[in-house]
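Protein chains in written order, with my numbering: chain G, 1 to 513; chain L, 514 to 684; chain U, 685 to 787; chain C, 788 to 1456.
Idealized CB from N, CA, C, for every residue including glycine.
Since this is a predicted model, take the numbers as computed values, not measurements.
For reference, the structure is listed below as structure tokens.
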Amino acid sequence: MFANILIYFVVIPLLMLAGIALCRNVRQIRAVAVTGSLALIALSVVVLLQYLDLRAAGETAPMLFTDSWTWFEPLHINLAVGVDGISIAMLLLSSIIVFAGSFASWKIDQPKEFFLWLILLSVGVFGFFITVDLFTMFMFYEVALIPMYLLIGVWGSGRKNYSAMKLTLMLMGGSAFLMLGLIGIYYHSNPAGGQLTWNILEIASRAADAEQCIPQGWQMVLFPLTFVGFGVLGAMFPFHTWSPDGHASAPTAVSMLHAGVLMKLGGYGCFRVAIYLMPYAAQELSYIFLILTGISVVYGAFCACVKTDLKYINAYSSVSHCGLVLFAILMLNTTAMTGAIMQMLSHGLMTALFFALIGMIYGRTHTREITKMGGLMQIMPYLSVCYVIAGMASLGLPGLSGFVAEMTIFVGSFQAGMADYLGGEGSLRLVFTIIACCSIVITAVYILRVVGKLLFGPVQDDHHRTLTDATWWERLSTVTLILCVAAIGCFPNFFNNLINTTFSPAIFAVLGM
Amino acid sequence: MESVGSIILYLIVALSMIVFSVAAVTTRKILRAATYLLFTLFAAAAVYFMLDYEFLGAVQIAVYAGGIVVLFVFAILLTSKPGDNTEKLTSKSRFLGFVAAIATLLIAGYALVSRCAQLFQPKPEMVTPDMETVGQTLMGTGAGEYLLPFEAVSVLLLACIIGGVVVARKR
Amino acid sequence: MEITAIYYLVPALIMFCCGVYGFITRKNMIAMLISLELMLNAVDINFAVFNRFLWPGQLEGMFFTLFAIAIAAAETALAIAIIINIFRAAKNIDVRSLNEMKF
Amino acid sequence: MDVTVPILILAIPLFMFLLLGLTGMKMSHKLAGTLGTLGMGTVLVLAYVTAFTYFFGGAPEFIDAAGNRLQYLVFDQTWLAFTQNLVIKIGFLLDPISAMMLVVITTISFMVHLYSLGYMRDHHGVYEHGFQRFYAFLSLFSFSMLGLVVAPNIFQMYIFWELVGASSYLLIGFYYRKPSAVSASKKAFIVTRFADLGFLIGILVLSYYTGTFNFTDFTSSAVAGMEGVTQVNIHTAEGILNIFQSSPAPMFMGASVLTWALVLIFMGGMGKSAMLPLHIWLPDAMEGPTPVSALIHAATMVVAGVYLVARLFPLYLMEESALMIITVVGALTALYAAMVACTQVDIKRVLAFSTISQIAFMMVSLGVARMDIHHGLGYMASMFHLFTHAMFKALLFLGAGALIHAIGSNDYTDMHGLRKYMPITHITFLIGCLAIAGIIPFSGFFSKDEILSSCLGNSTIAYVWMSAVAGLTAFYMFRLYYLIFWWKEHKVHEGHHAPHDQPWVMSLPLIILAVISCVAGFIPFGNLVSWNGVPYDFMAHFNWSVAAVSLVVAIAGIALATVMYRKENELPAKFKNAVPALWRWCHHRFYWDELYMFITHRIIFGCICRPLAWFDRHIIDGTMDSFATITNKASDAIKPLQSGQVQMYVWYYLIGALALGGITYICLL
């Protein structure tokens, strides 16, 4: 079992849990957290390199490093693992954000309990990305969800009980749909009469075959269930309202992890389960979700324009950006889907950066109202410059990650939309692509509004003049994220190739692509 | 056809059962209620004897009349002063109780009436189960034998003893 | 006059209804317990009667009654222990004063 | 051609940006400024070498045997591959206009770098706060602008287009403590972002149909035997037109799809080049430091729109309706900006409006250019004007900067009669004014004359209209000139030093630019730049009648300004009172800002954002919350059932048991 490298993505956090449980002071806890997250980064880089090597050697299997261990025989539940380019990208993202997150929570109260829950959360996240077994995936999904309640409820601020409850209940509601969908998939995983399976790869390998795929009638039922189930986590309109409240109350590292990684679970799940396994229904029903996600793209951006709480603004911008992820996935087009994954990476990093910075500013000024702050550039230039960079990434400045992701999405979506339009299949995709494009303007409006009010202009509150700039751990946390954002922005083709080679041709054969 | 004696005996038993049970739930003196209960229990024991279940009747008298009622009396003496009346029933609660009783009566009565034909069969002959049969059945493990429930009941009683001690213990 | 099963069942039913009435109306816990005993006894009688009249060769009803008596005894003992404990704490044994355990 | 030099041209400014941006705070001001200037100087030399090699080197990849200029792709690296064909590459395309722009950008940028060494410090020699940051941003801007002009594909252009927008944002908001600067920078970014939306959609449409981003695939055909060498070829553009026309839906809402694409792309150009109605950001952008205004908002970035249209010019030739739109927009903007410039008080704003007006000239010139009108003279004229305008407008701005630096105010009301105090500034400013007014032999005369000839070739209306605007230009420039340097004696206020000329780092750029403005007109521009690379000897086609008329118009404008403003008199006030409505509208820039404020604040914020936010909080969130509330209410409602009263439980049990019994019986019956 331990011969497979992927299992260590779960083992390392578990070891970290044990280590933190044994720690006796905050110094040791930090040491364990940092060492562990560094080990995770190293591990994901190693996996990435090995993956590239194997691909370069001509390996064509849809997933590599696959392995499977029986877990519960009667229901064919296995701990099946395997990764492709997308999962590796997600693993990298998660490990970086866990790393930055541990630095961002350097001075948290009750560090032991906090880190225990935080690492438990990351067990769920990593587990989710490495498994290819639907049931195990769902289990890890829940493992990632539950600590969130405690992390927000105990370490949060503001209306934390309400927010924690709301977030958990809404996500649980989503996972109820999801569980129905997954069980449905299991029971129709082999209509030809063979052994039922939870394994994504097995189901997907049959998805292109009209006889052996999940029956089309059932796809039409199961697709919405799974898509909505994951879509709730991906903050799809109208199920996004947990996001502003949840992020507003969550402590810094949790916001980072949540917006940075957990919301990506939604997008990843939508792609990996809903679209990958049920391409027929994806094509038939995409228009409904296209409308919803298209709405969330502009809707989130418009809402962010008038909010005055930094975290609310960022949460709504997350709604907009994550809407773009789901939107692009639904275009069912390699370019757009690649863009969606890039957007996940990009949004994960920059929103984590945003939340880290907001947390640092809030830790100093004790307010998140932009009307009560101003001129922070004069007081904390380092944090302010980072904030501007994050903002620029968010509004899609070339050279930073947001631009490449958005452009890939727009180009891909436009191709899909024009193909529909010229093929006489209606102009819904085209219209919504153009609507989504409009978000780049609205994004600029709210980002610059915040930057202008918060960082520039005269100092609003004279008490702020005595505040200090970033400490070394805060610098480390932000620099890590900025470097990653810039790396994606400057060398996008590496990520692009990593991702788009993994879109399975068999699936797209069904979609006629 | 029964003998006149047994009919008279039956009448006495049935009447005392009805009268004393009604009295037990209507009297306001709690000690009297316990006493009426005792009589009702005796009447029940009598019924068992009439049905030829002598062992059962003996157990009824020994355990119920001899044990439980004594417990009741002790409890009553411990918890209420002599001469205390329980509270007067409000007409509403009395009405509600009455409704419940009548409803039970109707439903169960209807059940009895609808199965009338069977219930008017004469009493079949039966060999009175002797002590050996009772003992064998109680200690056997075959079909229709009760070792396991017996043991379960003994455990229950043990648990009950311990529970009683723990609960009633002075802290 | 033949004394058939119904002759035993009807008094037992009346006894049971008395138990119901008493259990619902009385507020004194011991009185409620007494009503409970009445109901139990009524049921016991039914078991015995059905056994005797319908399946005279077997002993199930009888043994059920036997066990019921044993359990009733245990239950009563425990209930009375609890009642006395409550009396110690609340100085009365009115069931209405015992609603701390709601919700 | 060796790729080192082109790469260095792009890499040095980028490196300087990173160096100064990351370590600038640790450096001394002087070191940072010197480093930045030296870096730019190196780039200047490299760019001159490149341009010189291109124009005069005579290598076969630059010029063919017939003397036609070719396009040469120096390098082209894949940056992001969307699909097999749609690939964003980062490359370096050398052709007449990019070589010309390299010269323009590096020249102005170097002048500005040099000039800022003096400008960005006060009279006591104390450097301004954020001096290093200023140089970092200047380097970033130079990098982006150079990347923009050498882009061989439209997406690279879009990338650098966004980058120049961002660096312009940073530089306008350089004085970030001033709320007006912050809002001006925000406005500039958002307005141009809005225009870029059109640009982006235009790119998407164009690339969808053609399957490529490369400019050369749109407009040029490969030259046999040489890799990376292409020549502008109208047949390629015709091929593109055919692709559009043979697609399943060639028309969209009454216009051809190609027109749509081109107009949308032009919309991006309108935003950057501040064409009506997206011009509103440029006057406000004057909140930035004056050297920045000279570099970005006069000479280089704002002509990106013109450059974009010029890049795709063969495609625009395919769709005359798109060219018509460009002409109309340009003509309206030219007149509008000229009228507004006549009434502004802030000298930088006058110059800003004059910039808008001059860029509109270039746009019109492109709009009226046709293959059959003097062999596409308009294109050459536009590029020529771009070149000369960059020089003299930078000169004017730097001169204005010198004045502002000396006086400490932007308004001419604080200046008046400065000619004796600041002779160098005076002379150079005058040269700039003469050049923009179009007086022979200054450079503006030649380029403007070409534009007017081209207009005449297209339609008389355009010619008359643009000539009138040219006259107006001469008028408002000399109005400005007289109001600054003449009008009445300058009063030295108590406690103020007398204004004096600037240190040499500031004077030198002024003098250099003035010299260029004097002689640039004699460059044989047509030999170097023409729309299809075929040399065009414009002196041979010189239309003396047009030249004479434009000269007369310009002199008339100057004369009018002399009469009205040379000495303090009542004429301006009289004129103002004669047409009060017109004056007020001009003074308030035809209330465009107010209109935009209304649209953004009242309509977008008031009628969309706030209701949406309310909707989100109360309806969507309310619905979600109501699930919870309903559950809570329901649980509250059934909670009393668990009263703790044993007898109530008996009741429930009894009722349940009886009901069950009843039901059983009913079912058995």
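With C-beta atoms as the reference, is G:F9 less than 8 Å away from G:L91?
A contact, by the Cβ cut-off of 8 Å.
Are there 16 or more other CB atoms within 10 angstroms of the CB of G:M350, so buried, or fewer, so exposed?
For G:M350, the number of other beta carbons within 10 angstroms of its own is at least 16, and it is reported as buried.
Between the beta-carbon of C:L1205 and the beta-carbon of C:P1286, is there less than 8 Å?
yes
Using DSSP bridges, identify the partner residues of C:L1017.
The amino acid at residue 1017 of chain C is misidentified as Leu; the sequence shows Thr. DSSP, once it has assigned bridges, lists C:Q858, C:A1009 as partnering C:T1017.
Between L:I615 and chain C, is the shortest Cβ-Cβ distance under 8 Å, so that the two count as touching?
no
Pull out every residue of the segment 865–887 of chain C whose Cβ sits closer than 7 Å to any Cβ of chain G, in chain order.
T865, W866, L867, A868, F869, T870, L873
Could you give the C-beta distance for G:S317 and G:A304, rounded to a whole number, given that I count them as a contact under 8 Å?
With 8 Å as the limit, G:S317 and G:A304 qualify as a contact, their Cβ atoms being about 5 Å apart.
If we define contact as Cβ-Cβ less than 8 Å, is U:K720 a contact residue for chain L?
Here residue 720 of chain U turns out to be Leu, not Lys, going by the sequence shown. With 8 Å as the cut-off, U:L720 does not count as an interface residue toward chain L.
Within the same chain, show all residues whose beta-carbon is closer than 7 Å to that of G:L171, passing over the 5 residues directly before and after it, in chain order.
L145, V232, L233, W242
Going along the chain, which residues of its own chain have a beta-carbon closer than 6 Å to the beta-carbon of G:N493, five neighbours each way excluded?
none
Just how far apart, CA to CA, sit L:A546 and C:F1414?
52 Å
Kindly indicate which three-state DSSP category L:A547 falls into: helix, strand or coil?
It is helical.
For a test of the three-state rule: what should DSSP assign to G:L64, helix, strand or coil?
strand
For the alpha helix (DSSP H) containing C:F1233, list its first residue and its last residue.
1230–1245
Is G:I488 closer than 8 Å to G:S401 when the C-beta atoms are compared?
yes
Say the cut is 7 Å; is the CB of L:L584 nearer than that to a heavy atom of the ligand FMN?
Among the components of this structure there are no ligands whatsoever, and the ligand FMN is therefore not found.
Listed from N- to C-terminal order along the chain, which residues in the segment 1437–1453 of chain C have their beta-carbon within a distance smaller than 9 Å of any beta-carbon of chain L?
V1437, W1438, L1441, I1442, A1444, L1445, G1448, G1449, Y1452
Nearest-angstrom Cα distance between C:T1017 and C:G1154?
25 Å
For C:A1042, list the residues DSSP reports as bridge partners.
C:F1039
Which residue comes first and which comes last in the beta strand (DSSP E) that contains G:N78?
77–83
With DSSP collapsed to three states, give me the class of G:W155.
helix
To the nearest whole angstrom, what separates the beta carbons of U:I658 and L:L625, a pair I think is in contact under 8 Å?
Nothing in the structure corresponds to residue 658 of chain U, since chain U is present only between 685 and 787.
Would you say U:L697 lies against chain L (beta-carbon separation less than 8 Å)?
yes
If U:A761 sits next to L:G677, beta carbons under 8 Å apart, how far is it from one beta carbon to the other, in whole angstroms?
Separation of the CB atoms of U:A761 and L:G677 is rounded to 5 Å, and the pair is thereby assigned contact status at 8 Å.
Is there a Cβ from chain G that is less than 8 Å from the Cβ of C:V969?
yes
Select from the segment 538–571 of chain L all residues with a C-beta closer than 7 Å to any C-beta belonging to chain C, and list them in chain order.
none
Which partner residues of C:G878 appear in the DSSP bridge assignment?
C:D863
C:F1392 touches chain G at which residues, Cβ-Cβ below 8 Å?
C305, V306
Who are the Cβ neighbours of C:T997 in its own chain at under 8 Å, not counting the five residues just before and after it?
Within its own chain, the residues whose Cβ lies closer than 8 Å to the Cβ of C:T997, once the five positions on either side in sequence are excluded, are D1004, F1005, I1027, I1030, listed in chain order.
For U:A765, would you say it is in contact with chain L, using Cβ-to-Cβ distances shorter than 8 Å as the test?
yes
Less than 8 Å between CB atoms is the rule here; does U:L750 satisfy it with respect to chain A?
Absent here is chain A; the protein component of the structure consists of chains G, L, U and C.
Quick one: measure Cβ to Cβ for G:P13 and G:S122, integer angstroms, because I've assumed they're closer than 8 Å.
5 Å
Rank L:G655, L:G610, L:A588 by C-alpha distance to the C-alpha of L:A681 and give the top, closest one.
L:A588
So which residues on chain C does U:I708 lean against when the C-beta distance must stay under 9 Å?
Q1434, V1437, W1438, L1441
Applying the 10 Å Cβ sphere with the 16-neighbour rule, what's the burial state of C:H1084?
buried
Whole angstroms are fine: how far does the CA of L:L609 sit from the CA of C:L1441?
12 Å
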